[in-house]
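Each remark here refers to the structure printed beneath this line.
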Amino acid sequence: MLAGRAIDALVQAERFLTDTAYIAGDTFTLADIAAYTSAFAMRQALDWSALPLLHAWYTKIGARPGGAHAPSHIAAPWARLAR
Numbered sequence: 028m029l030a031g032r033a034i035d036a037l038v039q040a041e042r043f044l045t046d047t048a049y050i051a052g053d054t055f056t057l058a059d060i061a062a063y064t065s066a067f068a069m070r071q072a073l074d075w076s077a078l079p080l081l082h083a084w085y086t087k088i089g090a091r092p093g094g095a096h097a098p099s100h101i102a103a104p105w106a107r108l109a110r
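In my numbering, the protein residues as written are 28 to 110.
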């Protein structure tokens, strides 16, 4: 249930990215960090081909310093939720 809501929220985020570079506007904010955390956790459950703007945003955020690193003890529990 929680995973489904997170995925729904990320699908809705695609609409925000239609007019802006980041989730809450044209600058990187805490909203991007929070959304990236959810996207990272649900990345295997998302249909990225249906979310091209979200995928581009996810790649851009992941390329930022610290964006791509998640210790396995943090990432593993989230990966189980995404199944």
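Note that beta-carbon positions come from the ideal geometry of N, C-alpha and C, so glycine has one too.
Taking only three categories from DSSP, how would you classify residue i?
i: G89; result: helix
Taking the alpha helix (DSSP H) that residue i falls in, what are its first and last residues?
i: F55; result: Element bounds for F55: n/a, residue is neither H nor E.
Below 8 Å between beta carbons: does that hold for residue i and residue j?
i: L81; j: A36; result: no
i: A72; j: A30; result: yes
Would you kindly work out how many angstroms separate the C-alpha atoms of residue i and residue j, rounded to a whole number?
i: A77; j: L57; result: 25 Å
i: R32; j: S65; result: 10 Å
i: K87; j: T45; result: 15 Å
i: F43; j: P79; result: 12 Å
Within 10 angstroms of the Cβ of residue i, are there 16 or more other Cβ atoms? Answer buried if so, exposed if not.
i: D59; result: buried
i: A90; result: exposed
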